[in-house]
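Notes follow once the structure below has been shown.
In full-length UniProt numbering, the protein residues as written are 1 to 598.
Here you go:
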């Protein structure tokens, strides 16, 4: 029976027939791997996700983590699943060999991760955050910090978090108040509160490595004064064993509509419940240079943003597969024109509107998965390309795609989950069917790692204008090259190439029009419709890339690709016209409205 987590056939198409992942194994950085080892990693991920993560997804949702005032309690199935994850080497798959990792290409480890996100978003959040934490320390930590904290995370013995937001600050990190005071011995003691900390406290692993943004008194104001610290739940003895409890404790748990299996905590630092070494404050270790913390944290945040997009795509994908299976089995009604009640009912997939909803889902989730894997492939280019120019090109393209890769799947794969519920009819709205939970889980992704609006400001306010707009120009140039290849193929590929080229023209022209007055308030008043329009253009590009890869190939799988691409170009891409018109007009409706009339 085919998996209802992800389509293995689609993953193999994306990885090998389109992205030429096997070619990476011919580069020195990935020379220890082959098609066989990459396939083995994917097969292992699917098996562990199916056997150890998916079975407790609904249990995880129904039995949220609980805080008794002293300890956080999580259902035991979560811990057992994470033990298997670590024991099979999956926690080390994508990590560098220098710290005990398998150094699998990032595009493959991302595909492996998507199985776990589809199976159980709540439990998969723990290793997802840990991987990002470890990568940040690899990039910016000292060799001692890498040995002390990263290696146990790679082994699955420690987990990691990111502690940014505070109750009074939200996304406005300039307003954080957590402070780090020098202790006179070369270290720091932290005091303050952090909010919305996923995986913030538990007993699933030996230790938790918190990466905490805080301000050193006397530093520059605002974001320029933010530093980054490692603050472990437990301090370590000289031999690396677990020592005394650090003064970082949960003040309570947040209970969200989805992701219920992931602990989400408010943490207090230095409140005095514990006093390491008999002194107040949570012991923290500075990462990198003082006052550079936000720059370092963006290393983790940008990776996490693409990871959030990948999670959204995965949850949308499993919802699509489950609604497709349901539509093929559920008998209801008869074809239009056949009103004879004596005739047998037909599967609901035979009804045109059900096919519309399934095709829309397919176009969203397969387009989103293609986008996040394309971004993962760019990460591999930055790590393994043989010349500096190719690495820099990949870095710039990834930079401009990041807000889109985070926000587009988080918006449209939630819509896919909504359609999956509708395909199930009344049953879809009940907790007995998985699709109801998938919608709730996925609905959180528009808020994770920067809201939809924050990503819009990043795209139109920074990425589209930095260095004379070079990043946006590179995006348009790269997508236009795909259109040129498609035009040479003729047929529907050439037809769609024309449509994509026109949309790419609007992408560049509209950014220039938005900034024509040079007033950021006017230019960015409609940043969100610009993000949404460009997101649709980028996903249309992903679909045209897939069509070019599938050109001349026959069979039901490829016909399904062509049908989904047709839907996207004919039903979805036309949405961008009015959005581009609105942005280019510098409409002031939302800018000028008085808060008093809302």
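Glycine included, each C-beta is placed from N, C-alpha and C at the ideal position.
Keep in mind the model is a prediction, meaning the values are calculated, not measured.
- For residue 214, the beta-bridge partners assigned by DSSP are 227.
- No Cβ-Cβ contact shorter than 7 Å links residue 200 with residue 444.
- Counting only residues of its own chain and dropping the five nearest sequence neighbours on each side, residue 540 has a CB closer than 7 Å to the CB of 500, 503, 568, 569, 573.
- In this structure, DSSP gives residue 341 a state outside helix and strand, which the three-state scheme calls coil.
- Given a length threshold of 3 residues, each whole run of the beta strand (DSSP E) inside the stretch 265-338 is given here in chain order: 282-286.
- DSSP lists no bridge partner for residue 148.
- Taking C-beta atoms as the reference points, residue 442 and residue 315 count as a pair closer than 7 Å.
- Separation of residue 532 and residue 408 (C-alpha to C-alpha, rounded to the nearest whole angstrom) is 7 Å.
- The alpha carbon of residue 318 has as its nearest neighbour, out of 13, 136, 493, 49, the alpha carbon of 49.
- Listed as beta-bridge partners of residue 162 by DSSP are 211.
- For residue 80, the closest of 71, 12, 156 by C-alpha to C-alpha distance is 156.
- By the 16-neighbour rule on beta-carbons within 10 angstroms, residue 578 is exposed.
- Taken in chain order, the whole alpha helix (DSSP H) runs of length 4 or more contained in the stretch 75-142 are 76-87, 106-119, 121-140.
- Under DSSP, the beta-bridge partners assigned to residue 248 are 269.
- Per the Cβ contact rule, the stretch 152-171 is in contact with the stretch 207-220 (3 or more Cβ pairs under 8 Å).
- The three-state reading of DSSP puts residue 367 in helix, counting H, G and I together.
- By the beta-carbon neighbour count (other beta carbons within 10 angstroms, threshold 16), residue 544 is buried.
- Residue state for residue 429 is assigned as helix, using DSSP reduced to three classes.
- Put simply, the stretch 255-273 touches the stretch 111-126. At least three CB pairs are less than 8 Å apart.
- Apart from sequence neighbours up to five positions away, no residue of its chain approaches residue 488 with a beta-carbon distance below 6 Å.
- Partner residues in the beta bridge of residue 72, as assigned by DSSP, are 67.
- If you compare the alpha carbons of 111, 473, 415, 558 with that of residue 377, the shortest gap goes to 111.
- Put simply, the stretch 68-85 does not touch the stretch 128-136. Fewer than three CB pairs are less than 8 Å apart.
- Judged by DSSP secondary structure, residue 412 falls within the alpha helix (DSSP H) whose first and last residues are 388-423.
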